[in-house]
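Numbering (our numbering), first residue to last: 46 to 468. Each residue gets a CB set at the ideal place from its N, CA and C atoms; glycine is no exception. No experiment lies behind these values; they were computed from the predicted model shown. Written below as structure tokens is the structure these notes are about.
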């Protein structure tokens, strides 16, 4: 018998959908990511994650996207809990998408805690930090699509929601009665409540304290909060062994990077130094002046794979265009080349860094979704594609991880291949 949907997570990009859902999959829940409500309703299980791909849309279109999705999801019954996954660096249409969910009339209060301490994202006195640096001083300020210039979350959200946003003091985390009284008081002025968190323990306390209150709650956060909510959102069930799911057999690994993050650039340098992987760099000046060059790169990739070589597909010589325009060209060029490489039947492992790149590739492959299997590093999940394309997939947000995260991801899939080869 199919299990009911106990939780629906709504994310605005693919890497965010994956890194939040994996927090529950690693505890044994069946968690699947989908790209439309129809597939989610038909194939979703106890944890259903939807990637709306709405981060870079205009606020009004993002609002409409989420509102329409909620209407479609009313077919899911029962759905006790909703979680709005937001970017841990506050990019995207946070206000519009939160408003769309709240306007559905299903919630009394919105608890907002975007911290993800394991990934260096913390909130103190309402201010958001990345590795102890105020958010608006980090590279997110120069994000080509969704830059962020404000580190104070209540200020940022007040502007986006066009409503007052409250902030709850961390000193109340130790006293359930004071927490309840403060939430009740704050709700007289606004349903939106921002919570500080500088550790997993803070997130655990937020989850524990608020889940006991008799409010219909919309939870809003990153991958950090959702993990801590596990014990409070789910009813006891015989859980699945997520890691026992069958995965594709031995084949080549294709790592694709379209991220402009400086952190990803450092990770790629370590990958080149430490791993037996060949690099295919796409000259974007050639592509923008003569798109037919894509065919040459496709042939080169197919040849490299036919020689049983693992390949890093990346870009260089990016021309001077508007950042948003060239970002679009980059991700769709990478998607077109990757799809042909995967179509050759010689790729069993995909490692994708950058949310836009990952989404463009899975869309080009025509997959229905992703079954999340395990977490190989904090915020870096491994899953398998749902559909005719049988590949393992690892996704990583551009700014996530340490300097050796891509080395770790690559070695993980290669060590698994070696085990299969000897069976």
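Taking C-beta to C-beta, are residue i and residue j nearer than 8 Å?
i           : j           : result
residue 346 : residue 325 : yes
residue 302 : residue 359 : yes
residue 71  : residue 420 : yes
residue 238 : residue 154 : yes
residue 437 : residue 394 : yes
residue 412 : residue 297 : no
residue 450 : residue 223 : no
residue 267 : residue 444 : no
residue 152 : residue 230 : no
residue 62  : residue 96  : yes
residue 69  : residue 271 : yes
residue 327 : residue 355 : no
Could you check what DSSP says for residue i in three-state terms: helix, strand or coil?
i           : result
residue 166 : strand
residue 455 : helix
residue 128 : strand
residue 433 : coil
residue 194 : coil
residue 389 : coil
residue 62  : helix
residue 242 : strand
residue 356 : strand
residue 161 : strand
residue 138 : coil
residue 445 : coil
residue 380 : helix
residue 181 : helix
residue 426 : strand
residue 55  : strand
residue 265 : strand
residue 272 : helix
Pull up the CB-CB distance for residue i and residue j, whole angstroms please, since I reckon it's below 8 Å.
i           : j           : result
residue 76  : residue 67  : 7 Å
residue 58  : residue 100 : 5 Å
residue 440 : residue 134 : Contact doesn't hold; Cβ gap of about 16 Å is too wide.
residue 208 : residue 139 : No, residue 208 and residue 139 are not in contact; Cβ-Cβ is about 13 Å, not under 8 Å.
residue 56  : residue 130 : 4 Å
DSSP puts residue i in a beta bridge; with which residues?
i           : result
residue 394 : 298 and 437
residue 174 : 167 and 179
residue 79  : 95 and 414
residue 325 : 358
residue 419 : 427
When every heavy atom of the ligand PLP is checked, does at least one fall within less than 7 Å of the C-beta of residue i?
i           : result
residue 167 : Looking at this structure, you won't find the ligand PLP or any other ligand, since it has none at all.
Every unbroken alpha helix (DSSP H) within the segment 205 to 251, with a cutoff of 4 residues, ordered by chain
221 to 231
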